[in-house]
Amino acid sequence: MAKSFNIHDFTCEEALLPTVCWRVSHGNSQHTRDALTGTLTAAANNTSFVTSNRARLRQAVVDHLDWRSYVPSCFLSVFSEEQSAIRWASTLISGDVTITPVIIAMLSPDTLIFDVEELCEKLGIPNRYSRDEFLITDSLPYKSLGHRWPLQEGAAPLKDFGLLDDIEIIQRLNDQVQQRFSFVRGNSTAHTGRREVRCVGAARYDIHVGTGVSIRHF
Numbered sequence: 001m002a003k004s005f006n007i008h009d010f011t012c013e014e015a016l017l018p019t020v021c022w023r024v025s026h027g028n029s030q031h032t033r034d035a036l037t038g039t040l041t042a043a044a045n046n047t048s049f050v051t052s053n054r055a056r057l058r059q060a061v062v063d064h065l066d067w068r069s070y071v072p073s074c075f076l077s078v079f080s081e082e083q084s085a086i087r088w089a090s091t092l093i094s095g096d097v098t099i100t101p102v103i104i105a106m107l108s109p110d111t112l113i114f115d116v117e118e119l120c121e122k123l124g125i126p127n128r129y130s131r132d133e134f135l136i137t138d139s140l141p142y143k144s145l146g147h148r149w150p151l152q153e154g155a156a157p158l159k160d161f162g163l164l165d166d167i168e169i170i171q172r173l174n175d176q177v178q179q180r181f182s183f184v185r186g187n188s189t190a191h192t193g194r195r196e197v198r199c200v201g202a203a204r205y206d207i208h209v210g211t212g213v214s215i216r217h218f
């Protein structure tokens, strides 16, 4: 008897998920940004249909990874490596290009996350270009998004923002999220609320925790 289809056989194991990923946005990005909430939402609202069987999932992934395709997608692409995001962003010329960190632990519990390299192997899709790429279904809520920065500013500000990959989520209770930020360079921490810290030399940073992750250099 053939094994029944289970979408979780194709998702990335929780233990293997990166802490922070990087979303590249450009003029042709298939997402919308809610003006009130700041949430990024995928172009297509058909995740349950796409993930209902192998054939639909495969076709949706093929369409999403095809740069020439205009088929609306329920996926949002992110990179697990910042340098991969920068390399990809540097090839784009379609409008403003920005890079946004995405904190994986702050996504909705119902979100499906796929490692593209592993997914393509399981679905038999030829894939030469999607190393370090992950697909996230439906949306990226505002609370999961860090500070956006335009590519033309040069080196990623987050290199100076205390290393976001050292974020440790301590506890999550419904909509109440307690967070601890560990800044390796200055051994500073910021707990729930607002606090000024020193984390890179004499530079000062404002840490806003709770409604969304925002780190502002001043």
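In the working numbering, the protein residues as written are 1 to 218.
Ideal placement from N, C-alpha and C gives every residue a C-beta, glycine not left out.
Query, Result
"Exposure label - F79; buried when at least 16 CB within 10 Å", "buried"
"Supposed contact pair T39 and L112 - C-beta distance, whole angstroms, cut 8 Å", "So it is not a contact: roughly 17 Å between Cβ atoms."
"Element boundaries [beta strand (DSSP E), containing C21]", "V20 to S25"
"Pair within 8 Å by beta-carbon distance, V20 and V116", "no"
"N-terminal and C-terminal residue of the alpha helix (DSSP H) that E117 is part of", "V116 to L123"
"Contact the segment 117-137 vs the segment 66-84: 3+ CB pairs below 8 Å", "yes"
"3-residue-minimum beta strand (DSSP E) runs that sit fully inside the segment 24-74, ordered along the chain", "31-33 and 40-42"
"Beta-carbon gap between L107 and S130 smaller than 8 Å", "no"
"Nearest residue (CA-CA) to L123, options Y70, R58 and T100", "R58"
"Proximity of F72 and A105 at Cβ, strictly below 8 Å", "Before going on, a small fix: residue 72 reads as Pro here, not Phe. In this structure, A105 does not lie closer than 8 Å to P72 by Cβ."
"8 Å Cβ cutoff met for V62 and I7", "no"
"Sub-8 Å separation of S25 and T91 beta-carbons", "no"
"Three-way DSSP call (helix, strand, coil) for L145 in this model", "strand"
"Close beta carbons around T32, own chain, < 8 Å, minus the five adjacent residues each side", "L40, T41 and A43"
"Nearest-angstrom Cα separation, counted from G146 out to W22", "9 Å"
"Cβ neighbour criterion (16 or more within 10 Å) applied to L65", "buried"
"K3 versus N127: straight-line alpha-carbon distance, rounded", "25 Å"
"Beta-carbon spacing of N53, F5 below 8 Å", "yes"
"Close beta carbons around S69, own chain, < 6 Å, minus the five adjacent residues each side", "D63"
"Residue nearest to E14 in terms of C-alpha spacing, selected from S29, D132, F114 and E121", "F114"
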